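K.L.:
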Amino acid sequence: MANPTSSNDKISSKVEIDYPDFTKLPDHVRDKFEKLPTKVNFFRMLGYSPGAFNPMIDLTNAIFRDLTISDYHKELMVLLLASHENVAYEWEQHVSIAQAAGVRPDQFVAITEGCLEDTQAFKEDERVLLRFGQAILDKGKAPGVLFKHAQEHFSLQELSDAIIVIGYYRMLSGYIQTFDIAIDAQEDGTWIKG
């Protein structure tokens, strides 16, 4: 008689993946991992892609430290993506980061509830940026009229950065949700460039 537990494992939607052993990864990957100030679970799981590990860490650092878009506007984009994709890991990771960047509790609620036009929660430039981000999430691009309207409030560099932030976190969303990575929310917002 077949073991029902083992046959049910194949049809269960539950995914349990152990984190890779970094001691068995190439030196350059292990060194980069060891130098991380915060070893979040996403970075730990990313060890399964040693060829992409170092560039991904570099991209993460660039997104947190080198973009033209303000930390505040960047965090609005991250929260928009996290809400749109229903990815609790990214939402929880960014609560303290977004708060440190100036995102208010009413704005968290408005984003979660899809109230992007809430004039009490968001100023005009913020509403335009949220519409811009939502269009990219829904349609893969911002229509020309919306893009031109966004340029009345943001530079092309800032809008380019907003698209990069959305794309980066959308990629992470698929990875995090597929690997079912456990939430390890940040306790403070020290990741912002300040």
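First residue of the sequence shown? That's 59 in our numbering, and the numbers climb one at a time after it. We treat Cβ as the ideally placed atom computed from N, Cα and C, and that holds for glycine. On a predicted model such as this, the values are computed, not experimentally measured, just so you know.
1. Rounded to a whole number of angstroms, what is the C-alpha to C-alpha distance between L138 and D89?
2. When you compare each of V153, G191, W149 and Q209 to I234 by their alpha carbons, which one comes out closest?
3. Touching or not, the region 155-168 and the region 123-131, by the rule of three or more beta carbon pairs under 8 Å?
4. Does the count of Cβ pairs from the region 114-127 and the region 192-210 closer than 8 Å reach three?
5. How close, in whole Å, do the beta carbons of E216 and T126 come, if the pair is a contact with beta carbons under 8 Å?
6. Quick check: the region 94-113 against the region 71-79, are at least 3 beta-carbon pairs closer than 8 Å?
7. May I have a chain-ordered list of the alpha helix (DSSP H) segments no shorter than 4 residues that lie completely inside the region 75-121?
8. Mind checking which residues open and close the alpha helix (DSSP H) that includes A158?
9. Taking 8 Å as the cut-off, decide whether the C-beta atoms of S141 and T170 are in contact.
P.N.:
On the basis of the supplied data:
1. Along the sequence shown, one-based indexing puts residue 138 at 80. Along the sequence shown, one-based indexing puts residue 89 at 31. When rounded, the distance between both Cα atoms is 33 Å.
2. As a working note, residue 234 is residue 176 in the sequence shown. The shortest C-alpha separation from I234 is found at W149.
3. Contact holds between the region 155-168 and the region 123-131, because three or more Cβ pairs, one in each stretch, are under 8 Å apart.
4. No: the two stretches stay apart, fewer than three of their Cβ pairs being nearer than 8 Å.
5. Taking the first residue of the sequence shown as position 1, residue 216 is located at position 158. Taking the first residue of the sequence shown as position 1, residue 126 is located at position 68. Indeed they touch by this definition, with Cβ atoms about 5 Å apart.
6. Taking 8 Å as the limit for Cβ pairs, the verdict is that the region 94-113 does touch the region 71-79.
7. Inside the region 75-121, DSSP marks whole alpha helix (DSSP H) runs of 4 or more residues at positions 85-92 and 99-103, from first to last along the chain.
8. Reading the sequence shown from its first residue, position 100 is the one you call residue 158. For A158, the enclosing alpha helix (DSSP H) starts and ends at A146 to A159.
9. For the purposes of this step, residue 141 is taken as residue 83 along the sequence shown, with counting starting at 1. For the purposes of this step, residue 170 is taken as residue 112 along the sequence shown, with counting starting at 1. When the beta-carbon positions are compared, S141 and T170 come within less than 8 Å of each other.
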